[in-house]
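Novice:
2 protein chains.
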Amino acid sequence: MKKYLKVDPWQIIEEQFNAENHKSSESIFSIGNGLVGQRANFEEDYSGRTLQGTYVAGIYYPDKTKVGWWKNGYPEYFAKVLNAPNFIGIRIFIDEEALDLAKCKVISFRRVLNMKEGILSRNFLAEMPSGKQVEVTAIRFLSMAVPETGAVRYSITAVNDGMEVRFVPYLDGNVVNEDANWDEVFWDQVSHEIKGNEGYLIAKTKKTSLEVANGMLIQAFCDGTEITQPPLNAERSGYVEASYTLSLAKKSKLDIYKYIGVLSSLYHSGGTILGDTKQVLKKAAETGFEKMQEAHTARWRGIWEHSDIIVEGDEEAQQGIRFNIFHLNQTYRGDDPRLNIGPKGFTGEKYGGSTYWDTEAFCIPFFLCTAPASVTRNLLLYRYKHLEKAIENAQKLGYTNGAAFYPMVTMNGEECHNEWEITFEEIHRNGAIAFAIFNYIRHTGDHAYLIDYGLEVLVAISRFWSQRVNWSGEKMKYVILGVTGPNEYENNVNNNWYTNTLASWTLQYTIETIELVRQVDPAKYNSLVNKISFNDKEETARWKDIIAKMYFPYLESQGVFLQQEGYMDKEQMTAAQLDPKQRPLNQKWSWDRILRSCFIKQADVLQGIYLFEERYDTETIARNFDFYESRTVHESSLSPCVHVVLAARLKKMDLAHRLYLRTSRLDIDDYNNEVHEGLHITSMAGTYMAIIEGFAGKRVREGRLVLNPQIPANWKTFAFKILFHGCQLKVTVNNTKVIVKNESNTSVEVIVFGTDYAIAGNSAIDIMRN
Amino acid sequence: MKKYLKVDPWQIIEEQFNAENHKSSESIFSIGNGLVGQRANFEEDYSGRTLQGTYVAGIYYPDKTKVGWWKNGYPEYFAKVLNAPNFIGIRIFIDEEALDLAKCKVISFRRVLNMKEGILSRNFLAEMPSGKQVEVTAIRFLSMAVPETGAVRYSITAVNDGMEVRFVPYLDGNVVNEDANWDEVFWDQVSHEIKGNEGYLIAKTKKTSLEVANGMLIQAFCDGTEITQPPLNAERSGYVEASYTLSLAKKSKLDIYKYIGVLSSLYHSGGTILGDTKQVLKKAAETGFEKMQEAHTARWRGIWEHSDIIVEGDEEAQQGIRFNIFHLNQTYRGDDPRLNIGPKGFTGEKYGGSTYWDTEAFCIPFFLCTAPASVTRNLLLYRYKHLEKAIENAQKLGYTNGAAFYPMVTMNGEECHNEWEITFEEIHRNGAIAFAIFNYIRHTGDHAYLIDYGLEVLVAISRFWSQRVNWSGEKMKYVILGVTGPNEYENNVNNNWYTNTLASWTLQYTIETIELVRQVDPAKYNSLVNKISFNDKEETARWKDIIAKMYFPYLESQGVFLQQEGYMDKEQMTAAQLDPKQRPLNQKWSWDRILRSCFIKQADVLQGIYLFEERYDTETIARNFDFYESRTVHESSLSPCVHVVLAARLKKMDLAHRLYLRTSRLDIDDYNNEVHEGLHITSMAGTYMAIIEGFAGKRVREGRLVLNPQIPANWKTFAFKILFHGCQLKVTVNNTKVIVKNESNTSVEVIVFGTDYAIAGNSAIDIMRN
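Here the protein sequences line up with chains A and B, keeping their order.
The opening position of the first sequence corresponds to residue 2 in my numbering, with each subsequent residue numbered one higher.
The opening position of the second sequence corresponds to residue 2 in my numbering, with each subsequent residue numbered one higher.
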């Protein structure tokens, strides 16, 4: 844990330069617009420790797989989001000495991420070895309004003496990934072009042949007067620069504007991408920095309008939740079903930028509440588009008849992960994809999605489950052997309760959906039956048999669902009994010792109770929660949020609040000493869930929105907006009451504290808290 | 399976050249002398598919580990036996055209491995593109008598026309491993030297700084007259050559002798190695090819005298068993406790040439019967010398109090393997090391070994078991969770019967050994107690408690020991029910499917019954054998031999013989289509076990040798010699009787068919078979 940032409701503020913290800050201050994202690398050269990172959505490289011992079924490659060409760079020389914060005396330094407006800024006063002092103010953003553009304004003031300043804006495609399995270079340079103040670079990924075009257009002003002298240009493969030299008198100020275009072959063909980049850039420069910034911040206003959570009385909590909401919106726009959300978003290389079940289990609940239905629909379509590959993936593992097995980690639908106990055995992900469809439908009522896409996915997943179970002659039950549950601290177990529960539910939901679609749109249903050669009667009969005879391990003596068979043979301890020096276990214990222990990495049985809470009475939930929470070490960033939801459900608000703080400020306060690698983007959605489903007790039951708000002891108020079946509601909770305002024009039915309210369009209800 | 070699009792014969078979033949025709070994690569250049392989005992490189996802406790490197400098090379040019069997017309070709004498020879008639024909006869050996030397005689006859011949003997250190994780070069070139007909090369391994010196000394004769013209020398880093050109008249014959020295820093210091190489080489050349060959073959006579198994009536079986015995003796000499036996010996790169539990479980039973006790003692000392590192290894995984956990794969005592389910969980290997001590003692009576070394290892291993078990409150038993048994087709299981059995036995044997040593040599016992801080009373009390309360899974309904908990939840099938197209499973099924299936890779419960057979009555053995043999797919080369022993024990001789054929000719007939990668050296010892312990029914019971010979239906006789407590016995078995001849001077007690015989020195008994 590291607390060096100032607490502020809307900003992240670093008030002095400490090279030790720089890599962490590079992650925390990352900016992005869903199409492009980047770490908060400095514009000027920096010779200290840094992780250079610029990422373009959908641009990846299939890096050669690295395994110790090959297993049948392993994938050939691991897709990696690429560190893309550097477009922010501006090299600065003062009297021909490089400005480099690792080598100057940094007299003052302030870095600010303005989350309200999506602006990264930096101001510092540095003294060169010569004694000359320069003040720099750098502001940049990646436009939310025109996502292929961005801009930097880099201002230099000669503080205590006149000086010769040479500044060299450049584009550099000769970049590498730190995480390259064989230290390969992933880019081929296609072309470069520089003329005066305008430069272009096109790079293409090896193997995948994805293109990224970068453009820069430079304008500079000395004390407000435009510098018209033409720069010196230099170029080489993958690199262009424009070098300007001028004398800067004492107290004078130089303003450099670097307009940026970043276009990719996702939206532009190789033939037109250079011309398109020139056009985009021309328009940006014509618009000008201020107007671009205005349009950008206006977009952020719109985003906050939908998605903000206001917390009064706890500034740390306020900053934490906004930080999470901010980064989620920077990572995913929701307008392109080819894109998804990597666990680190655009803030680092770890996890390869690929898609995990995080999206369905954690991100979708966030976007369902805060964004138009189309955003979640696109996340579902992403999986629909991968259905064919999921079927191929299943075939590789021996499944037949159109069974689909979605990959654990993927960029384009193909499996990229290569640990057998996860790749082949963490099969509950297939259930998460089914559940996400259900979750989307209950929030939006979009039955058309079910008819056109959802049912096809559900049948394919149910076919998987129906082949994945086997009949145990010993138990006279269906069993699911050899799986890894969400608790990855135990592998290759038999009858993981969560997996069995989710499998059985999927079969049931698919059967119900078949009924629905058959009734609502028999023509489409029949056409689907033909398309996928669905033997309705036989297949659903088997599914029903599985549902009826599925085995669910249960621990009679404690009245709890048993995480997996054999769990009680482990030495039983609670996390509280662990020597704190032994934690986190994943850094202190060998893997086998972790596997043998009773300690749980993240919600597993409790994940199932979270998903299907309505099935269980409060006592059952409490018994399971007490049993498993005491054994959970929360060493996944995805863990605490589910526990918050259940703790709040059980009115254990102190515990809920304690766990909430950990998840909401996980990155800002660097709980796990790893933020330098990037942010935990997908778990940020869990933080949102913690407030909305935890504190506010939001549920959907039988098509209606349910709220059971509570408030942490030290909070005065919290308020948020939520989208439900197309209506926007604003919910405000304080110590005495709950106000629900219907901001849409149509009436909405909401159940608050168990009472059913019909709230008319554009009106509100006030409910006293009990 | 591929049968292209001629059946012959003493030779392996390939009668025509087929480039498709060449890599396989390179493995099968490998030669070695325990210090150096090499694949049967051609002396002349060959541009076809080949795996170049020359290996020097104990010379390894710690290759950077390759894993997909790092786990705590993984080792940093994977030790690899290195492809060492090529010393056999003789490049041949006919009228300046390279002789290359991939490019000539090969009119006739015959390759012979004479196993009786340890000679590899090759004769071919090739037609150059010019139409000129050359006949080549190449003979080579690596001397068993003077192990740092070897020699090649390479003879060329101009068959149908005169020709200019240029021949270029060389030494080449610029060699690589095919199996290099990051395509690194593993050697640094230290020095090279060439003058006339003598050349030297010294290469040093990177990181480990192990040196190998190679020397060559060339003599050549044209029709018997020595060629005295000095050759042209060429040299560069890691390479020296001597190039000779002469006119060879039609029908004339050129004989090239290449004397070879191969010395390593295991036996020579960097300062003297070059001088030592020169001396060794000088002596070799003075001795001359014929005399060197005589001394070499004399050694082989001695080896066969002890270790041969004669089979009459089944030439395939005869060739198979000799092939196995031959290669085992080529791989391990037994005079250096720093060396061990890699699964592929000196015949390929796979498994890195490192030590596995194969040595204790399979090779030691072979050497105990066929070689002086010192040979096995050195294999035990190898592990004793690694005890400190095994304790460190255990510490890394969280064990304390001097518990030792021997590595799964090692070169120098450090763990090299990096799959958690094996590295951390295949813990039964620790028991195999304890059992090997017991096995050695019962064969040799060498109690001094127990006192000086054995007990210390046993205590350290027992300490491991005592920490590795945990108490199950559910079962009220000690359990061993999270292990992989010998059946690697199931991982991370609980209570593997074999592992629990071996653990419990180790504790018991250690307690007995403590009693023995305490009585026999109390002073040494006390000094050991001090050395290892052994709390005799407390520690053995816990061990006794574990022995008394260990959990052993049992399947009541079938009356068999259960391989592991949950095994009966799997879909039960027999291997015979499998579609043959699905086999071998490890090539046809994905890993998870294999893990979920009931199919067993190699003896697991049956391995335990094999080790502790005397505990079980015939009916119990039969029930377990029938149950598990029917589910075993024998996809490890180490599997069939144990089944042969038990099948013979149960008088299922047809099955025993069928399984025997598979193991004895596994490589010659390439059952698994993988012999091109190298030979299954360690499983060859299993083949020996199959005859001696299977067909001959050899056991040791209460200090006495037991024989219960049977003979396969198609065999007339089989005969072998066996060492027991220092005495050599010759056993001959035919259809009517068993003859046991005591070839030593002292009387030996032997139990044959249940009757106790005392056989006086140098006399024999004849026993009619019942």
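Glycine is no exception: its CB is placed at the ideal position from the N, C-alpha and C atoms.
The structure presented is a predicted model; accordingly, all values stated were derived computationally and were not measured.
#1: Under 6 Å Cβ to Cβ from Arg334 (chain B), same chain only, skipping five residues before and after it: list those, please.
#2: Along the chain, where does the alpha helix (DSSP H) containing Ala435 (chain A) start, and where does it finish?
#3: 8 Å is my cut-off, CB to CB: does Asp522 (chain B) come that close to chain A?
#4: Answer yes or no: does any C-beta atom of chain A fall closer than 8 Å to that of Gln564 (chain B)?
#5: Measuring alpha carbon to alpha carbon, tell me which residue in A:Asp315, A:Gln190 and A:Val135 is nearest Leu249 (chain A).
#6: Between Arg632 (chain B) and chain A, is there a C-beta pair that is closer than 8 Å?
#7: Between Asp453 (chain A) and chain B, is any beta-carbon pair separated by less than 8 Å?
#8: Beta-carbon within less than 7 Å of Asp64 (chain A)'s beta-carbon, same chain only, minus the 5 sequence neighbours each way: which residues are those?
#9: With DSSP as the reference, identify every bridge partner of Arg154 (chain B), one or two as the case may be.
#10: So, is Gln1 (chain B) buried or exposed, given that buried needs 16 or more other C-beta atoms within 10 angstroms?
#11: At which residues does the beta strand (DSSP E) containing Asp767 (chain B) begin and terminate?
#12: What residue does the alpha helix (DSSP H) around Pro1 (chain A) start on, and which one ends it?
#13: For Leu382 (chain B), name the three-state secondary structure that DSSP assigns.
#14: Report yes if the C-beta distance between Thr575 (chain A) and Ser640 (chain A) is below 8 Å; otherwise report no.
#15: In this structure, does DSSP put Asn87 (chain A) in helix, strand or coil?
#16: Is there at least one non-hydrogen atom of the ligand NAP closer than 7 Å to the beta-carbon of Asn34 (chain A)?
#17: Touching or not, the segment 681-695 of chain A and the segment 590-610 of chain A, by the rule of three or more beta carbon pairs under 8 Å?
#18: Just checking: is the beta-carbon of Val480 (chain A) within a distance shorter than 8 Å of some beta-carbon in chain B?
#19: Excluding the 5 residues preceding and the 5 following Leu662 (chain A) in the sequence, name in chain order all residues of the same chain whose CB lies nearer than 8 Å to its CB.
#20: Could you give the distance in angstroms between the alpha-carbon of Leu282 (chain A) and the alpha-carbon of Ile203 (chain A)?
#21: Beta carbon of Gly349 (chain B), beta carbon of Leu52 (chain B): below 8 Å?
#22: The beta strand (DSSP E) with Ile304 (chain A) in it runs from where to where?
#23: Using only CA atoms, which one of A:Met409, A:Ser210 and A:Gly403 lies nearest to Tyr75 (chain A)?
#24: Against chain B, which members of the segment 589-603 of chain A pass a CB distance test of less than 7 Å?
#25: Would you call the CB atoms of Asn536 (chain A) and Arg464 (chain A) closer than 8 Å?
#26: Return no unless some Cβ of chain A is closer than 8 Å to the Cβ of Asp537 (chain B).
#27: Could you tell me if Pro148 (chain A) is buried or exposed, where buried requires 16 or more neighbouring beta carbons within 10 angstroms of its beta carbon?
#28: Report, in whole angstroms, the separation of the C-beta atoms of Tyr260 (chain A) and Leu218 (chain A), which I expect to be a contact under 8 Å.
#29: Taking the beta strand (DSSP E) that Ser473 (chain B) belongs to, which residues open and close that run?
#30: Could you give the first and the last residue of the continuous alpha helix (DSSP H) run that contains Met685 (chain A)?
#31: With 8 Å set as the bound, which would you pick, yes or no: does the beta-carbon of Leu398 (chain A) sit closer than that to a beta-carbon of chain B?
#32: For Arg302 (chain A), does the count of other Cβ atoms within 10 angstroms reach 16, so buried, or fall short, so exposed?
#33: Quick check on DSSP: helix, strand or coil for Trp188 (chain A)?
#34: Taking Cβ-Cβ distances shorter than 8 Å, what residues in chain B pair up with Asn674 (chain A)?
#35: Less than 8 Å between CB atoms is the rule here; does Val458 (chain A) satisfy it with respect to chain B?
#36: Would you tell me roughly how many angstroms separate the C-alpha atoms of Glu313 (chain A) and Phe719 (chain A), rounded to the nearest one?
Specialist: Here's the rundown:
#1: If you number the second sequence from 1, residue 334 (chain B) lands on position 333. So the list reads Gly35, once near-sequence residues are dropped.
#2: One-based indexing of the first sequence puts residue 435 (chain A) at position 434. Counted as a single uninterrupted DSSP element, the alpha helix (DSSP H) harbouring Ala435 (chain A) occupies residues His429 to Thr445.
#3: The residue labelled residue 522 (chain B) in the question sits at position 521 within the second sequence. So, not an interface residue.
#4: Within the second sequence, numbered from 1, the residue matching residue 564 (chain B) stands at position 563. For Gln564 (chain B), not one C-beta of chain A is nearer than 8 Å to its own C-beta.
#5: In the first sequence, counting from the first residue as 1, residue 249 (chain A) sits at position 248. Measuring from the Cα of Leu249 (chain A), the nearest candidate turns out to be A:Val135.
#6: Position 631 of the second sequence, counted from the first residue, corresponds to residue 632 (chain B). No, its Cβ sits nowhere closer than 8 Å to a Cβ of chain A.
#7: By 1-based counting over the first sequence, the position of residue 453 (chain A) is 452. Asp453 (chain A) does not count as touching chain B.
#8: Here residue 64 (chain A) refers to the residue found at position 63 when the first sequence is read from its first residue. These residues qualify, in order along the chain: Tyr78, Phe79, Lys81, Ala181 and Asn182.
#9: Within the second sequence, residue 154 (chain B) is the residue found at index 153, counting from 1. B:Ile140 and B:Tyr258.
#10: Past the boundaries of the shown model lies residue 1 (chain B); chain B is included only from 2 to 771, so the question cannot be answered.
#11: Residue numbering aside, residue 767 (chain B) sits at position 766 when the second sequence is read from its first letter. Its beta strand (DSSP E) spans residues Ser764 to Met769.
#12: Because chain A in this structure spans residues 2 to 771, residue 1 (chain A) falls outside the shown range and cannot be described.
#13: Counting from 1 along the second sequence, the entry for residue 382 (chain B) is found at position 381. Leu382 (chain B) falls in the helix class under three-state DSSP.
#14: The sequence position of residue 575 (chain A) within the first sequence is 574, counting from 1. The sequence position of residue 640 (chain A) within the first sequence is 639, counting from 1. Not a contact, by the Cβ cut-off of 8 Å.
#15: The residue given as residue 87 (chain A) occupies position 86 in the first sequence. Strand, per DSSP.
#16: The model on display carries no ligand, and the ligand NAP is accordingly not part of it.
#17: As far as the Cβ criterion goes, the segment 681-695 of chain A does not touch the segment 590-610 of chain A, which means the pair count is below three.
#18: Translated into positions along the first sequence, residue 480 (chain A) becomes position 479. Yes, Val480 (chain A) lies at the interface with chain B (some Cβ there is under 8 Å from its Cβ).
#19: The residue you call residue 662 (chain A) lines up with position 661 of the first sequence. So the list reads Glu317, Ala318 and Gly321, once near-sequence residues are dropped.
#20: In the first sequence, counting from the first residue as 1, residue 282 (chain A) sits at position 281. In the first sequence, counting from the first residue as 1, residue 203 (chain A) sits at position 202. Roughly 14 Å separates the two Cα atoms.
#21: Translated into the one-based positions of the second sequence, residue 349 (chain B) becomes position 348. Translated into the one-based positions of the second sequence, residue 52 (chain B) becomes position 51. Against a cut-off of 8 Å, the Cβ pair of Leu52 (chain B) and Gly349 (chain B) comes out as a contact.
#22: Against the first sequence, residue 304 (chain A) aligns to sequence position 303. Premise fails: Ile304 (chain A) lies in the alpha helix (DSSP H), Phe290 to Ser308, not in any beta strand (DSSP E).
#23: Working through the first sequence from its first residue, we reach residue 75 (chain A) at position 74. Per the Cα distances, A:Met409.
#24: Trp590, Ser591, Trp592, Asp593, Arg594, Leu596 and Arg597
#25: Residue mapping note: residue 536 (chain A) aligns to position 535 of the first sequence, counting from 1. Residue mapping note: residue 464 (chain A) aligns to position 463 of the first sequence, counting from 1. No, the pair does not count as a contact, with Cβ atoms beyond the cut-off.
#26: If you number the second sequence from 1, residue 537 (chain B) lands on position 536. It does not; no Cβ of chain A falls within 8 Å.
#27: As a first step, residue 148 (chain A) must be located in the first sequence, where it is residue number 147. Pro148 (chain A) counts as buried, since at least 16 other C-beta atoms from the protein chains shown sit within 10 angstroms of its C-beta.
#28: In the first sequence, residue 260 (chain A) corresponds to position 259, counting from 1. In the first sequence, residue 218 (chain A) corresponds to position 217, counting from 1. Tyr260 (chain A) to Leu218 (chain A), Cβ: 4 Å. Contact.
#29: Reading the second sequence from its first residue, position 472 is the one you call residue 473 (chain B). Unbroken beta strand (DSSP E) run through Ser473 (chain B): Asn471 to Ser473.
#30: Along the first sequence, read from residue 1 onward, the residue named residue 685 (chain A) stands at position 684. It spans Ile682 to Met690 - the alpha helix (DSSP H) in which Met685 (chain A) sits, taken as one unbroken run.
#31: Numbered from 1 along the first sequence, position 397 holds the residue referred to as residue 398 (chain A). Yes, its Cβ sits closer than 8 Å to a Cβ of chain B.
#32: Stepping through the first sequence from its first residue, residue 302 (chain A) is reached at position 301. Classification for Arg302 (chain A): exposed.
#33: Locating residue 188 (chain A) in the first sequence gives position 187, counting from the first residue. Note: Trp188 (chain A) maps to strand in three-state DSSP.
#34: Numbered from 1 along the first sequence, position 673 holds the residue referred to as residue 674 (chain A). Those within 8 Å of Asn674 (chain A) in chain B number zero; the least Cβ separation is about 15 Å.
#35: As a position in the first sequence, residue 458 (chain A) is number 457, starting the count at 1. No, Val458 (chain A) lies away from the interface with chain B (no Cβ there is under 8 Å from its Cβ).
#36: Here residue 313 (chain A) refers to the residue found at position 312 when the first sequence is read from its first residue. Here residue 719 (chain A) refers to the residue found at position 718 when the first sequence is read from its first residue. Cα-Cα distance, rounded: 6 Å.
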